[in-house]
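Accompanying notes for the structure given below.
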Amino acid sequence: MNRHAHQVVQHIPRLRRYARALLKDAERAEDLLQETLARALGRLGLWRHGSDMRAWLFTIMHNQYVNECRRAQKRPDALSLEADGVLEACATSRADQHIDVQDIAAGLMLLPEDQRAVLLLVSLEGLTYRQTAKVLGIKTGTVMSRLHRARERLRTWCNDTRQTGVARIRSVK
Amino acid sequence: MNDAVTPIADHELHAYVDGELDEQRRVEVEAWLAAHPSAAERVRDYQMLRDRLHERFDPLLTEPVEVPTGPPARYAHAFARAAAISALVLVSGALGWTLKGWTHRASPALEIADLVQPAAFAHQVYSTDTRYPVEIPAVDQALLNRWVSLRMHTELRAPDLSTQALTFVGGRLLPSTDRMAAQFMYEDGEGQRLTVYVRRIGRQDGFTGLQYREEDGLHVFYWIDRAMGYAVIGEQPASRLIAVANAVHAAMQTTRNRQ
Numbered sequence: 000m001n002r003h004a005h006q007v008v009q010h011i012p013r014l015r016r017y018a019r020a021l022l023k024d025a026e027r028a029e030d031l032l033q034e035t036l037a038r039a040l041g042r043l044g045l046w047r048h049g050s051d052m053r054a055w056l057f058t059i060m061h062n063q064y065v066n067e068c069r070r071a072q073k074r075p076d077a078l079s080l081e082a083d084g085v086l087e088a089c090a091t092s093r094a095d096q097h098i099d100v101q102d103i104a105a106g107l108m109l110l111p112e113d114q115r116a117v118l119l120l121v122s123l124e125g126l127t128y129r130q131t132a133k134v135l136g137i138k139t140g141t142v143m144s145r146l147h148r149a150r151e152r153l154r155t156w157c158n159d160t161r162q163t164g165v166a167r168i169r170s171v172k
Numbered sequence: 000m001n002d003a004v005t006p007i008a009d010h011e012l013h014a015y016v017d018g019e020l021d022e023q024r025r026v027e028v029e030a031w032l033a034a035h036p037s038a039a040e041r042v043r044d045y046q047m048l049r050d051r052l053h054e055r056f057d058p059l060l061t062e063p064v065e066v067p068t069g070p071p072a073r074y075a076h077a078f079a080r081a082a083a084i085s086a087l088v089l090v091s092g093a094l095g096w097t098l099k100g101w102t103h104r105a106s107p108a109l110e111i112a113d114l115v116q117p118a119a120f121a122h123q124v125y126s127t128d129t130r131y132p133v134e135i136p137a138v139d140q141a142l143l144n145r146w147v148s149l150r151m152h153t154e155l156r157a158p159d160l161s162t163q164a165l166t167f168v169g170g171r172l173l174p175s176t177d178r179m180a181a182q183f184m185y186e187d188g189e190g191q192r193l194t195v196y197v198r199r200i201g202r203q204d205g206f207t208g209l210q211y212r213e214e215d216g217l218h219v220f221y222w223i224d225r226a227m228g229y230a231v232i233g234e235q236p237a238s239r240l241i242a243v244a245n246a247v248h249a250a251m252q253t254t255r256n257r258q
């Protein structure tokens, strides 16, 4: 294997971590990872040498995720790409389900997908705001506002679960 | 504490947590936080969230990187592609094949238009033809080799893939986008066919490693070696096709080195 393919392989653990945090379903996350790798290796020639490979890979993964969501619009996560109103409905309906109050992953799932992606890229994957904006194809300002909303919502969730032991959703906008 | 500093906006608290502030502003924010406990608490919460995310998901980093063993039924299609590429990563190293960069590559778009797509199309047209799958059958292999070599202006032989448990069916000469192409057809033990497609493409020094693309549900493994493009096309498992691609590559090298 040449060194670029090697580089891709080196990023697999982090791509997997992100996919697993983004998608609750581990099997879907693994599919997303594999699809991303297939695309990345198939397009290795399109990767601009010297540019940030990790950001490039996350971009491919994000695009792949969006495509997949469009394909399978019945799945709840796909809804989160739609208007915010739908997102709220989606999040609220999930709130009725049993939620493990100890598990931050459960809290993540209460976030709209676009906020979740921003939070994970910044807080978990350590991408800069600029890199995150590029990966998601949005403005840096949008990264910052989504990050704020995501953190505030999760913070509220954490405090609520800490106090009451029950996950409640507060309408934090 | 210096109240003369510009007031700290929400987004700056995040930027502070995420290390996005320059040194001077960072110091200012820290000073400001010392005097504003509720904001400081928010910052601690944000940091706590980050820690919890790492705590929760970092263990995944140590999971082994390997090919899944079985396809989840509802993603069988996706899995086929995934397996193809995982296998490619794992097997290519083992077989001495290389996934090269594209320093000397023709444009990928060209490879796809001139090599991958015609190869896949020719595969679909002829491998499914029960009556005339080939123009020149295996018994006339010597004739076939001479014919395609003559028309393509290069020494070309149908590779012997018997080591891959493949029987040679025969081959044909084909018009490709702007050049002639040769198609060699093989059958496995179950009667499933795969084809090898060869044509002239790109620059004289063009070279790529093994590439992969799915085209109309077919696996296409292809590469370019000194202005010749090669493709192995089939519906067989990708790991099998990679082994075949390696054998074809080796056979083609041998033929060329004899020239």
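Quick mapping for you: the protein sequence lines, in order, are chains A and B. Here numbering that gives the first Met the number 0 is used: position 123 in the first sequence is 122, and no number is missing along the way. Here numbering that gives the first Met the number 0 is used: position 61 in the second sequence is 60, and no number is missing along the way. Idealized CB from N, CA, C, for every residue including glycine. Just so we're clear, the structure is a prediction, and the values are computed from it rather than from any experiment.
- Excluding sequence positions up to five before and after residue 115/B, its CB lies within less than 7 angstroms of the CB of 212, 214, 219, 221, 230, all in the same chain and listed in chain order.
- In the three-state reduction of the DSSP assignment, residue 149/A falls in the helix class.
- Comparing alpha-carbon positions, the option among 15/B, 123/B, 169/B lying closest to residue 122/A turns out to be 15/B.
- Spanning the alpha carbons of residue 152/B and residue 17/A requires a straight line of approximately 51 angstroms.
- For the C-beta of residue 128/A, the chain B residues within less than 8 angstroms are, from N- to C-terminus, 14, 17, 19.
- Taking 7 angstroms as the CB threshold, residue 150/A lines the interface with chain B.
- The beta-carbon of residue 115/A is placed no less than 7 angstroms from the nearest beta-carbon of chain B.
- The continuous alpha helix (DSSP H) containing residue 241/B extends over residues 237 to 257.
- The segment 110 to 126 of chain B makes no contact with the segment 146 to 166 of chain B: fewer than 3 CB pairs, one atom from each, lie closer than 8 angstroms.
- Separation of residue 8/A and residue 135/B (C-alpha to C-alpha, rounded to the nearest whole angstrom) is 43 angstroms.
- In the structure shown, the three-state DSSP call for residue 131/B is coil.
- Contact residues of the segment 172 to 194 of chain B toward chain A are absent (C-beta to C-beta distance below 9 angstroms).
- The CB of residue 135/A never comes closer than 7 angstroms to any CB in chain B; the least such distance is about 16 angstroms.
- The segment 48 to 64 of chain A and the segment 14 to 28 of chain A touch, with three or more beta-carbon pairs separated by less than 8 angstroms.
- Our two residues, residue 21/B and residue 13/A, have alpha carbons roughly 27 angstroms apart in a direct line.
- Taking a cut-off of 8 angstroms on C-beta distances, the segment 232 to 243 of chain B touches the segment 175 to 191 of chain B, as three or more cross pairs fall below it.
- Using a CB distance below 9 angstroms, the part of the segment 26 to 57 of chain B facing chain A consists of 41, 44, 45, 47, 48, 49, 51, 52, 53, 54, 55, 56, 57, ordered along the chain.
- Interface flag for residue 59/A against chain B is unset, since no Cβ pair is found closer than 7 angstroms.
- For residue 223/B, the enclosing beta strand (DSSP E) begins and ends at 217 to 224.
- Taking 7 angstroms as the CB threshold, residue 143/A lines the interface with chain B.
- Residues of the same chain with a CB within less than 6 angstroms of the CB of residue 128/A, apart from the 5 flanking positions on each side, are 139, 142 in chain order.
- Under a criterion of Cβ atoms nearer than 9 angstroms, the residues of chain B adjacent to residue 122/A are, in order, 16, 17, 45, 48, 49, 52, 53.
- One thing to note: residue 31/A has its Cβ no nearer than 7 angstroms to the Cβ of residue 106/A.
- From the beta-carbon of residue 62/B, the residues of chain A found nearer than 8 angstroms are 12, 15.
- In this structure, DSSP gives residue 166/B an extended state, which the three-state scheme calls strand.
- In terms of CA proximity to residue 158/A, 48/B leads the group 52/B, 117/B, 200/B, 48/B.
- For residue 211/B, the chain A residues whose C-beta falls within less than 8 angstroms of its own C-beta are 37, 40, 41, listed in chain order.
- Neighbours of residue 59/B in chain A, taken as residues at a C-beta separation under 8 angstroms, are given in chain order as 12, 15, 16, 19.
- Within the model, the alpha-carbon separation for residue 132/B versus residue 132/A is close to 52 angstroms.
- Under the Cβ criterion of 7 angstroms, residue 105/A is not counted among the residues facing chain B.
- Residue state for residue 111/A is assigned as coil, using DSSP reduced to three classes.
- Taking C-beta atoms as the reference points, residue 199/B and residue 178/B count as a pair closer than 7 angstroms.
- For residue 149/B, the three-state secondary structure derived from DSSP is helix.
- With a cutoff of 7 angstroms on beta-carbon distance, residue 243/B and residue 140/B are scored as not near each other.
- Residue 42/A sits in coil when the DSSP states are folded into three classes, being neither helix nor strand.
- Counting along the chain, residue 186/B sits inside the beta strand (DSSP E) bounded by residues 179 to 186.
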